[in-house]
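This report concerns only the one structure given below.
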Amino acid sequence: MEFDESTVHALLDFDLLSKLVVGIGEVSDITGVPQRQIRYWEDKGIIRTIKDGEGTTRKYDYMNIKKILLVKELLDDGYTLDAAARKIEDRLKLVDEAFKKLADRKGSTE
DNA sequence: GTTCTCACA
DNA sequence: TGTGAGAA
Numbered sequence: 001m002e003f004d005e006s007t008v009h010a011l012l013d014f015d016l017l018s019k020l021v022v023g024i025g026e027v028s029d030i031t032g033v034p035q036r037q038i039r040y041w042e043d044k045g046i047i048r049t050i051k052d053g054e055g056t057t058r059k060y061d062y063m064n065i066k067k068i069l070l071v072k073e074l075l076d077d078g079y080t081l082d083a084a085a086r087k088i089e090d091r092l093k094l095v096d097e098a099f100k101k102l103a104d105r106k107g108s109t110e
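So in the UniProt record's numbering, spot 52 of the first sequence is number 52, and the numbers just go up one at a time.
This is the structure:
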């Protein structure tokens, strides 16, 4: 499989974003969602955070930040927290399945 | 700086 | 559903 230059750049960017982890303060600052609310959502199971090494501080990666922004919008559109959570989970599931199919095709043809 | 918990609306 | 305050 070969990639053109722009695709390579896109993949590098994605890799970079995946490793980008920030504290709750940064996330709150960027997304505009109060820290209290972010932890609240985590408790409800809407978002999953990573614990950093020995410390107990939560770290938020690209997916988490994206998810928080998504929940924020969904809630703003009148969804309940639960409904928003389901919608997001379903979408993630669809994306995962789509890529799985793609991987299967590539695997069988190569 | 972050975490948790109890209480309240 | 979301917040405030105090303690660690």
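We put the CB at the ideal spot given by N, CA and C, even for glycine.
Everything numeric in this text was worked out from a predicted model, so none of it was measured.
My output table needs one value for I46: the three-state DSSP class, helix, strand or coil. coil
Cβ-Cβ distance between I50 and D61 below 8 Å: yes
Provide the residue span of the alpha helix (DSSP H) that contains Y62, from first to last. Y62 to D76
Just how far apart, CA to CA, sit L12 and V21? 16 Å
Below 8 Å on the Cβ atoms is my contact criterion, and I expect T57 with G23 to pass it. Report the Cβ-Cβ distance as a whole number of Å. 6 Å
Have a look at Q37 and G107 and give me their C-alpha separation to the nearest angstrom. 43 Å
How should K100 be labelled, buried or exposed, when 16 other C-beta atoms within 10 angstroms of its C-beta is the threshold for buried? exposed
Under 8 Å by Cβ, that's how I've got L92 and I46 pegged, so tell me the actual separation to the nearest angstrom. Going by Cβ atoms, the distance from L92 to I46 rounds to 12 Å, so no, they are not a contact pair.
Determine the DSSP secondary structure at V22, reduced to helix, strand or coil. strand
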